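Student:
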């Protein structure tokens, strides 16, 4: 009987010691947090390869003690969006200025953001063809062209998909307060040639894709008679 009582008392003492230690450690953590000054820093939300154009979806803010924050750490997500990584980043890694292409050298950033086999091409756009000013670097778009084609003396207007799911590299404008009037895209050489021909022979519009849409766009050439069929059941 005494042996069982001793075991029960020993167990209760062990549990009490564990609970006491837990609350003591939590108290120490709370005390440290109250005394420490925490500041937000930008970290990688996932593993990011080198030569990646940063978007807000790749980044997040994390609070760290100010004493542990590197002087070159970025403090705002918007300061990193549109920049290009020069080295790979692992999930949770703090973004440093030294790991990004210089924001002062836009040409260097543009070249670094291109993957092997990609080319950069710039299109002139307006409020309509440029999706109403809603584009941001890192977005994906479809490029659609409308042009006239003459065959056997008959001219037919066509609208066709020229390039699908292409990445927006940069936006440009004639002034800081003006909306962008040029869009630079990352394309394959063939896509670039098709877009060039389309801009020379017709008009081009950009279709903004949703961030979760990965499938290729399926669009057969559309011509004027197709409008008459559109309203039929």
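Numbering (this note's numbering), first residue to last: 181 to 413. Glycine included, each C-beta is placed from N, C-alpha and C at the ideal position. Computed from a predicted structure; not experimentally measured.
For the alpha helix (DSSP H) that contains residue 364, what are its first and last residues?
Tutor: Per DSSP, residue 364 belongs to no alpha helix (DSSP H); it is in the beta strand (DSSP E), 362-367.
Student: Taking a contact to mean a Cβ-Cβ separation below 7 Å, would you say residue 308 touches residue 386 in this structure?
Tutor: no
Student: What residue does the alpha helix (DSSP H) around residue 406 start on, and which one ends it?
Tutor: 405-410
Student: Please classify residue 305: does DSSP put it in a helix, a strand, or coil?
Tutor: coil
Student: Are the beta-carbon atoms belonging to residue 221 and residue 267 less than 7 Å from one another?
Tutor: no
Student: Among the residues of its own chain, which have a CB less than 7 Å from the CB of residue 278, if the five just before and after it don't count?
Tutor: 252
Student: If the criterion is Cβ atoms closer than 7 Å, does the pair residue 233 and residue 264 meet it?
Tutor: yes
Student: Do residue 342 and residue 375 have their CB atoms nearer than 7 Å?
Tutor: yes
Student: May I ask you to report which of helix, strand or coil DSSP gives residue 330?
Tutor: strand
Student: Determine contact between the region 389-403 and the region 364-380, defined as no fewer than three beta-carbon pairs at a distance below 8 Å.
Tutor: no
Student: Leaving out five residues on either side along the sequence, give the residues of the same chain with a beta carbon under 8 Å from the beta carbon of residue 260.
Tutor: 222, 234, 239, 254, 275 and 280.
Student: Enumerate in chain order the residues of its own chain whose CB-to-CB distance from residue 294 is below 7 Å, with the five nearest sequence positions on each side excluded.
Tutor: 300 and 366
Student: Under the rule that 16 or more other beta-carbon atoms within 10 Å means buried, what is residue 406, buried or exposed?
Tutor: exposed
Student: Which residues does DSSP list as the beta-bridge partners of residue 322?
Tutor: 387
Student: Would the beta-carbon of residue 350 fall within 7 Å of that of residue 339?
Tutor: no
Student: Span of the beta strand (DSSP E) holding residue 243?
Tutor: 239-245
Student: Less than 7 Å between the C-beta atoms of residue 202 and residue 245, yes or no?
Tutor: no
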